[in-house]
Amino acid sequence: MPAIIPDFEYDIFISYRHNDNRSGWVTEFVKSLQEELAATIKEKVSVYFDTNAYDGLLDTHNVDKSLELKLKSLIFIPVLSQTYADTKSFAWKNEFCAYSNLLKTDDLGKDIKLINGNVTSRILPIRIHDLETEDKALIEAELGAVLRSIDFIYREPGVNRPLTATDKRE
């Protein structure tokens with residue numbers, strides 16, 4: 003399905019470490035996001051969310067070129083966890099850093115002006131864990147800006163896990 007804006011493959015690209023979806027948190031987030039978008043936006047919003055680690059890519063495929071087409075998205079949502087900012091991980095190298103580099107040559111650029119005149123980044127981080135200082139610094143260095151994330155973190159002393167729909171407000 004094509005993106006709403008011409009010349010984009012998808013409207014939204016979801017990037018995450020597959021270990022962070024063991025409990026189904028990322029899948030549930032994407033499902034809720036799609037439901038909210040369908041109820042809010044008249045046009046159908048296309049979301050790229052790979053449900054398996056290789057998305058059908060084989061050793062004989064050019065992974066960089068195959069992924070580059072999928073990364074041609076208006077919005078990039080990385081699900082930041084304790085393991086996401088690992089310079090050796092696929093999601094970090096081939097998705098986050100690759101998307102950040104694509105924005106440098108993209109006609110729209112990294113930041114877009116909203117209807118109300120405010121400016122926002124096309125990288126919209128979702129944070130599911132409190133991050134180590136080094137990881138936060140690595141992310142901010144790649145962003146070239148202070149990390150401004152939407153947090154889904156369950157906060158209780160000694161606990162660092164994603165917030166779930168069943169968590170109760172105190």
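In this note's numbering, the protein residues as written are 3 to 172. Virtual Cβ for every residue (Gly too), placed ideally from N, Cα, C. Since this is a predicted model, take the numbers as computed values, not measurements.
Can you say whether Arg157 is buried or exposed, counting buried as having 16 or more other CB atoms within 10 angstroms of its CB? Around the beta carbon of Arg157, fewer than 16 other beta carbons sit within 10 angstroms, so the residue counts as exposed.
Output yes or no for whether 8 Å exceeds the beta carbon distance between Ile14 and Val81. Result no, Cβ atoms of Ile14 and Val81 do not sit closer than 8 Å.
Within 8 Å, strictly: CB atoms of Tyr12 and Ser48: For Tyr12 and Ser48, yes; Cβs fall inside 8 Å.
Nearest neighbour of Glu30, chosen from Thr53, Lys44, Leu110 [CA to CA]: Closest in C-alpha terms to Glu30, from the list Thr53, Lys44, Leu110, comes Thr53.
So, does the CB of Val47 fall closer than 8 Å to a CB anywhere in chain B? The chain inventory of the structure shown lacks chain B, comprising one protein chain alone.
Grab me the residues of Ser83's own chain with a C-beta within less than 7 Å of its C-beta, minus the 5 sequence neighbours each way, in chain order. These residues qualify, in order along the chain: Arg19, Asp22, Ile130, His131.
Indicate whether Lys72 and Tyr50 have their beta-carbon atoms separated by less than 8 Å. At the C-beta level, Lys72 and Tyr50 come within 8 Å of one another.
Does the count of Cβ pairs from the stretch 103-116 and the stretch 132-140 closer than 8 Å reach three? Three or more beta-carbon pairs separated by less than 8 Å are not found between the stretch 103-116 and the stretch 132-140, which leaves the two stretches without contact.
Can you name, in chain order, every residue of its own chain whose Cβ lies under 7 Å from the Cβ of Asp88, other than the five neighbours on each side? Sequence-distant partners of Asp88 (beyond 5 residues in either direction) whose C-beta falls short of 7 Å from its own C-beta, in its chain, are Trp94.
Contained alpha helix (DSSP H) runs [length at least 4] in the stretch 124-148, N- to C-terminal order: Complete alpha helix (DSSP H) runs here, min 4: 135-145.
Quick one: what's got a C-beta closer than 8 Å to Ile7's C-beta in the same chain, skipping five residues either side? Closer than 8 Å at the Cβ level, and outside the excluded window around Ile7, lie Asp13, Leu76.
So the candidates are Pro4, Asp113, Ile117; which of them puts its Cα closest to the Cα of Leu145? Here the closest residue by C-alpha is Asp113.
What residue from Leu149, Lys74, Asn96 has the CA that sits closest to Pro4's CA? Of the candidates Leu149, Lys74, Asn96, the residue whose Cα lies closest to the Cα of Pro4 is Lys74.
Between which two residues does the alpha helix (DSSP H) containing Phe31 stretch? Segment 27-42, the alpha helix (DSSP H) holding Phe31.
Roughly how many angstroms separate the alpha carbons of Asp109 and Thr166, rounded to a whole number? Their backbone Cα atoms lie some 37 Å apart in a straight line.
Check the C-beta distance from Ile79 over to Leu39 and give it rounded, since I have them as a contact under 8 Å. Contact doesn't hold; Cβ gap of about 12 Å is too wide.
Could you tell me how far apart the beta carbons of Ser173 and Ala100 are, in whole angstroms, since I believe they sit closer than 8 Å? With the chain covering 3 to 172 only, the question about residue 173 has no answer from this structure.
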